[in-house]
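Asker: Read top to bottom, the protein sequences are chains A and B.
Under our numbering, the first residue of the first sequence carries the number -4, and numbering increases by one thereafter.
Under our numbering, the first residue of the second sequence carries the number -4, and numbering increases by one thereafter.
Ideal placement from N, C-alpha and C gives every residue a C-beta, glycine not left out.
Supplied in structure tokens, the structure appears directly below.
2 protein chains.
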Amino acid sequence: MRSLLDAVLVALAEPTRRQLLDLLADRGEASASTLSQALPVTRQAVVKHLAVLDAAGLVSGRRVGREVLYRTRPERLAQAAHGLSELATAWEARLAAIKALAESAERDDRA
Amino acid sequence: MRSLLDAVLVALAEPTRRQLLDLLADRGEASASTLSQALPVTRQAVVKHLAVLDAAGLVSGRRVGREVLYRTRPERLAQAAHGLSELATAWEARLAAIKALAESAERDDRA
DNA sequence: ACCATGTGCAATCCTAGGGTTGCACATGGT
DNA sequence: ACCATGTGCAACCCTAGGATTGCACATGGT
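Structure follows, in structure tokens:
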């Protein structure tokens, strides 16, 4: 399960891919060819990026006639966000524990 | 503000960096030298990664004598998580709007 | 003063992956 | 049947960045 979050992070790390997601969120649905026209890269580059996003579960594509239309998948992104926030709280708990230890050590010093 | 989230995503995209964060969350505080002993890479590699994490605001280092001790910064991670979740809800809203449009179009077809 | 330990910096190596080109195949319109 | 449009695949180029090595400098202990 953890590897899914990893895939999402890797997918989102790329500027072009984030742009693609923006475009898709904007248009609702679009093909690789159409998307490439709005970007400074070729259709094939877009296809590759969409493949990565798809592997991360952030977009899905459906064939319509001779074209393939892609759309965003908000649930997955929400899921990833949730994962990160859980990590954050885990870190906080850890730091709080450390701090408590340090304070008890101080008390020992004074004794 | 958006560029900060970007930095966090790029920082988290790297497996070794995520491992570093795990180690730091575990130990509370540690030096680059110490951390490198728990990883299959050299101290310098660790130093570079810590620099990236620091730039993203995910860790901070303080000098203690001749060593530099690093610790995680949960607030930043929480912030990033929040940013992602907002993006997710924005996407959802967009998709809902599209869906509504499609349905009204259907009604037009029947007419 | 000397040595062990830790950090900082610079040059270098090497691969992952972002991007391109070229061409074959599929689908829809006329 | 023909052509325009769109996708799929494979080979290739090129740079960013992950990792290493080597050495100089700083700090603490004895």
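#1: Apart from the five residues on each side of it in sequence, which residues of its chain come closer than 6 Å, Cβ to Cβ, to B/L0?
#2: Starting from the beta carbon of B/R58, find every residue of chain A whose beta carbon is closer than 8 Å, and list them in chain order.
#3: What's the call for B/A106, buried or exposed, on a 16-neighbour Cβ count within 10 Å?
#4: Let me confirm a value: B/V59 is counted as buried when at least 16 other C-beta atoms fall within 10 Å, else exposed. Which label applies?
#5: Comparing the C-beta of A/V47 with each C-beta of chain B, is any distance below 7 Å?
#6: Give me the Cβ distance between B/S31 and B/V47, rounded to the nearest whole Å; I'm assuming they're in contact under 8 Å.
#7: Distance cutoff 7 Å, beta carbons only. Does A/T29 sit that close to anything in chain B?
#8: Helix, strand or coil, according to DSSP, for A/V41 in the structure here?
#9: How many Å lie between A/K43 and A/L16 at the Cα?
#10: Taking all protein chains shown into account, do 16 or more other C-beta atoms lie within 10 angstroms of the C-beta of A/L96, making it buried, or fewer, making it exposed?
#11: For B/E87, go through chain A and note every residue whose CB falls closer than 7 Å to its CB, in chain order.
#12: With DSSP collapsed to three states, give me the class of A/E87.
#13: Under 7 Å, do B/L4 and A/L7 count as touching if we go by C-beta distance?
#14: By a C-beta neighbour count over all protein chains shown, 10 Å radius and 16 as the cutoff for buried, is B/E(-2) buried or exposed?
#15: If you follow the alpha helix (DSSP H) that A/L15 is in, where does it begin and where does it stop?
#16: What does B/A50 reach in chain A if we use C-beta pairs closer than 7 Å?
Answerer: Taking the coordinates as given:
#1: To locate residue 0 of chain B, count along the second sequence from 1; it is residue 5. Once the five neighbours on either side are set aside, the close Cβ partners of B/L0 are A75 and G78.
#2: Taking the first residue of the second sequence as position 1, residue 58 of chain B is located at position 63. Within 8 Å Cβ-Cβ: nothing; B/R58 doesn't reach chain A, min ~18 Å.
#3: For the purposes of this step, residue 106 of chain B is taken as residue 111 along the second sequence, with counting starting at 1. Note on B/A106: pLDDT 49, under 50, position unreliable in the model; no value is reported.
#4: Taking the second sequence and counting its residues from 1, one reaches residue 59 of chain B at position 64. Counting Cβ neighbours within 10 Å, B/V59 comes out exposed, since fewer than 16 surround it.
#5: The sequence position of residue 47 of chain A within the first sequence is 52, counting from 1. Look at A/V47: its C-beta is not under 7 Å from any C-beta on chain B.
#6: Locating residue 31 of chain B in the second sequence gives position 36, where the first residue counts as 1. Locating residue 47 of chain B in the second sequence gives position 52, where the first residue counts as 1. 15 Å between Cβ atoms; not a contact.
#7: Working through the first sequence from its first residue, we reach residue 29 of chain A at position 34. With 7 Å as the cut-off, A/T29 does not count as an interface residue toward chain B.
#8: By one-based count along the first sequence, residue 41 of chain A stands at place 46. Taken through DSSP and simplified to helix, strand or coil, A/V41 comes out as helix.
#9: Walking along the first sequence from the start, residue 43 of chain A turns up at place 48. Walking along the first sequence from the start, residue 16 of chain A turns up at place 21. Rounded to the nearest angstrom, the two C-alpha atoms are 14 Å apart.
#10: Within the first sequence, the letter at position 101 stands for residue 96 of chain A. So A/L96 counts as exposed.
#11: By one-based count along the second sequence, residue 87 of chain B stands at place 92. Near B/E87 (Cβ distances below 7 Å), the residues of chain A are P69.
#12: Within the first sequence, residue 87 of chain A is the residue found at index 92, counting from 1. DSSP places A/E87 in helix when its eight states are reduced to three.
#13: By 1-based counting over the second sequence, the position of residue 4 of chain B is 9. By 1-based counting over the first sequence, the position of residue 7 of chain A is 12. Their beta carbons are under 7 Å apart, which means B/L4 touches A/L7 by this criterion.
#14: If you number the second sequence from 1, residue -2 of chain B lands on position 3. A small correction: the amino acid at residue -2 of chain B is Ser; Glu does not occupy that position in the sequence shown. Label assigned to B/S(-2): exposed.
#15: Taking the first sequence and counting its residues from 1, one reaches residue 15 of chain A at position 20. That run of the alpha helix (DSSP H) goes P10 to R22.
#16: Taking the first residue of the second sequence as position 1, residue 50 of chain B is located at position 55. Going along chain A, no residue has its Cβ under 7 Å from B/A50, so there is no contact; the nearest lies around 14 Å.
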